[in-house]
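Q: Before we start, here is the structure in question, set down as structure tokens.
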Amino acid sequence: MYQNLVLVGRLGRDPEMRYMPDGTPVTSFSMATDRAYNDKNGQLVRETTWWRVSVFGKQAETANQYLSKGKMVLVEGRLRADPKTGGPQVYTRQDGTVGASFEVIANAIRFLSPKSEGTGSVEGEETLEAGAQHEEQVPF
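Counted the way the working numbering counts, the sequence shown spans residues 2 to 141.
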């Protein structure tokens, strides 16, 4: 079986790095993806989905160093279901409404923000993958 998820969005907060008991670095951040469409009445509808992303190892260190709130990023990984529900993690917000968040375990991260925003390589993009530092640019 195989699962691969590709997300493009912006960080909702600065990444946070911590270490597992065996010393492996783990960086976590939230990111938002947006979708806009016209409903049947022609009204523009905007939909935002929030994702919790976890990155491990060397790419966790690099992501923590170069990413910050508002930066655009492409994340490739797998969706991790809540062990209790088999779906997204459900929680209650401070205002009493119910929310849900999805967790992604990242395999690769591509920094998409321009170099002028302080991220990426000379071309304005940087890729992090398990076992590889660079890959060819995405053709879009």
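C-beta: ideal position from N, C-alpha, C; glycine also.
In this structure, how does DSSP classify residue 65 when only helix, strand and coil are distinguished?
A: Numbered from its first residue, the sequence shown carries residue 65 at position 64. Three-state result, residue 65: helix.
Q: For residue 60, does the three-state DSSP call read helix, strand or coil?
A: Counting from one through the sequence shown, the residue named residue 60 turns up at place 59. If DSSP states are grouped into helix, strand and coil, residue 60 belongs with the helices.
Q: Which first and last residues belong to the beta strand (DSSP E) in which residue 83 is found?
A: On the sequence shown, residue 83 is found 82 positions in, with the first residue counted as 1. Segment: none, residue 83 is in no beta strand (DSSP E) and carries neither H nor E.
Q: Answer yes or no: do residue 15 and residue 59 have a C-beta to C-beta separation smaller than 8 Å?
A: One-based indexing of the sequence shown puts residue 15 at position 14. One-based indexing of the sequence shown puts residue 59 at position 58. Taking 8 Å as the Cβ cut-off, residue 15 and residue 59 do not qualify as a contacting pair.
Q: Would the beta-carbon of residue 1 fall within 8 Å of that of residue 20?
A: Residue numbering for the chain in the displayed model covers 2 to 141; residue 1 lies beyond these limits and cannot be assessed.
Q: Is the stretch 75-82 in contact with the stretch 93-107, if contact means three or more CB pairs nearer than 8 Å?
A: Touching, yes, given that three or more Cβ pairs across the two stretches are closer than 8 Å.
Q: From the DSSP output, in three-state form, read off residue 39 for me.
A: Translated into the one-based positions of the sequence shown, residue 39 becomes position 38. If DSSP states are grouped into helix, strand and coil, residue 39 belongs with the strands.
Q: Using DSSP with H/G/I as helix, E/B as strand and the rest coil, what is residue 26?
A: Taking the first residue of the sequence shown as 1, we reach residue 26 at position 25. Note: residue 26 maps to strand in three-state DSSP.
Q: Would DSSP call residue 114 helix, strand or coil?
A: On the sequence shown, residue 114 is found 113 positions in, with the first residue counted as 1. Residue 114 falls in the coil class under three-state DSSP.
Q: When DSSP builds the beta bridges, which residues end up paired with residue 20?
A: Position 19 of the sequence shown, counted from the start, is the residue given in the question as residue 20. DSSP output for residue 20 lists 26 as bridge partner(s).
Q: Across which residues does DSSP place residue 3 in a beta bridge pair?
A: Position 2 of the sequence shown, counting from 1, holds the residue named residue 3. According to DSSP, residue 3 bridges with nothing at all.
Q: Quick one: is residue 72 buried, meaning 16 or more other Cβ sit within 10 Å of its Cβ, or exposed?
A: The residue labelled residue 72 in the question sits at position 71 within the sequence shown. Residue 72 comes out buried.
Q: If you drop the 5 nearest sequence neighbours on each side, which residues of the same chain put their C-beta closer than 7 Å to that of residue 51?
A: The residue labelled residue 51 in the question sits at position 50 within the sequence shown. Excluding sequence neighbours, residue 51 sits near 13, 31, 33 and 102.
Q: Taking 8 Å as the CB-CB cut-off, is residue 103 touching chain B?
A: Any reference to chain B falls outside this structure, which holds one protein chain only.
Q: According to DSSP, simplified to helix, strand and coil, what is residue 50?
A: Numbered from 1 along the sequence shown, position 49 holds the residue referred to as residue 50. Reduced to three states, the DSSP call for residue 50 is strand.
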